[in-house]
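Working notes, beginning with the structure itself.
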Amino acid sequence: MRIRYLYPSLFPSIFGYQVANNIASEAYEKNLTVKEVAVEKGLLNEAEAAELLNPENLTDAVKMYHLLNSRTL
22 MRIRYLYPSL
32 FPSIFGYQVA
42 NNIASEAYEK
52 NLTVKEVAVE
62 KGLLNEAEAA
72 ELLNPENLTD
82 AVKMYHLLNS
92 RTL
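For what it's worth, my numbering labels the leading residue of the sequence shown as 22, then goes sequentially.
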């Protein structure tokens with residue numbers, strides 16, 4: 022089962038809600054991962070995507086806080 026709206030709720034602080042929603046929608050429509058779409062669009066590089074979309078980091082609020090605040094936009 023694919024969850025279409027999980028990532029927009031997780032990433033508005035990185036991309037903004039509208040961009041995160043567009044990424045999730047495109048990933049769903051093209052049967053790609055959110056990581057693949059974000060990298061393809063140049064919003065994240067491979068290393069950033071791997072770190073930010075790591076399940077361990079996603080479920081650890083402290084790690085995510087530090088990752089997001091250390092990221093240069």
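Note that CB positions come from ideal geometry on N, CA and C, so glycine has one too.
Asked                                                                          : Found
Cα-Cα separation between residue 29 and residue 83, rounded to whole angstroms : In this predicted model, residue 29 has a pLDDT of only 48, less than 50, meaning its place in the structure is not dependable enough to derive any value.
For residue 73, the three-state DSSP class (helix, strand or coil)             : helix
Three-state secondary structure (DSSP) of residue 79                           : helix
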